Amino acid sequence: MQILHPFAGSVQQYHQQLDDPERHRPDHCPQCQAQQPLMAHGFYRRTLTGAAFDGTIRVRRYLCRLCRRTVSLLPEFALPYLRFSVLTIGLFLVARLLRGQTLAAALPPSAPYQRGQFWVRRFGAQAAALCAALTALLQPAAAPNFVHRALTMLETAGWIRAHRFLFGHLRGHLLGWPPGLAPDGRRAALSPAAAPA
Ligand SMILES: [Zn+2]
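Residue numbers for the sequence shown follow my numbering, beginning at -10 and rising by one.
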């Protein structure tokens, strides 16, 4: 399971505070509600492309001793399963779908054409659900369709704030969960060294 790392700041600041496992160690398991602190379980690496960063970041992982599932702390500038940052995708969607720029003009420099089409398609399928969910944060915007309304509401609320609310509270994904990928965690095998005697 991925939950949001309770951290706001740049990628560099994120990396600086990542080495201390105590700092944001969850004090209970969000998957089985075991009331004991989770065990540090290393990191996984993922790519991230944003305005000021393009490379690999580490994501801290914890393990629940009881249900043996992992919980990873995803920084809030990143979306699950997507390489480009929340703000980069947000800027693209606004430029393309709200301001009517061409795909080529709206795309971030390193993104292929197909990536833009994929984001547009997924956002379109998700727009009505986003509008409904975001009414918990702000008034629905007047707009000719769900795509415009969702984008206007996201711009007003702030993309990161909206992502924090959707993902942190509703287990929602700004672009919708990819087919076959449940928002909840998968079981992890405990390594022999970590298994209870
Ligand atoms: Zn658990």
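We put the CB at the ideal spot given by N, CA and C, even for glycine. On a predicted model such as this, the values are computed, not experimentally measured, just so you know.
Asked	Found
Go ahead and label T45 buried or exposed: buried means 16 or more other beta carbons lie within 10 angstroms of its beta carbon, across all protein chains shown.	exposed
Pick out the complete beta strand (DSSP E) segments inside the region 10 to 79, 3 residues or longer, and give them in chain order.	28 to 38, 43 to 52 and 59 to 63
Buried or exposed for P168, going by 16 or more other Cβ atoms inside 10 Å?	exposed
Which residue from F(-4), G(-2) and M(-10) puts its Cα closest to that of C18?	M(-10)
May I have the straight-line CA-CA distance separating I149 from C56, to the nearest angstrom?	31 Å
Per DSSP, what are the beta-bridge partners of I(-8) in this structure?	L62
Grouping DSSP H, G and I as helix and E and B as strand, with all else coil, what is G89?	coil
With hydrogens ignored, establish whether the beta-carbon of A29 is closer than 7 Å to any heavy atom of ligand 1.	no
With hydrogens ignored, establish whether the beta-carbon of Q(-9) is closer than 7 Å to any heavy atom of ligand 1.	no
Note down, in chain order, each residue of its chain lying with its Cβ closer than 7 Å to the Cβ of A146, except the 5 sequence neighbours on either side.	L123, L126 and L127
Go through the residues and name those whose CB comes closer than 6 Å to any heavy atom of ligand 1, in chain order.	C18, Q20, C21, A23, C53, L55, C56 and R58
Measuring only the C-alpha atoms, how far is Y102 from A94?	10 Å
What residues in its chain sit with their C-beta under 6 Å from that of P97, if we drop five residues either side in the sequence?	T77
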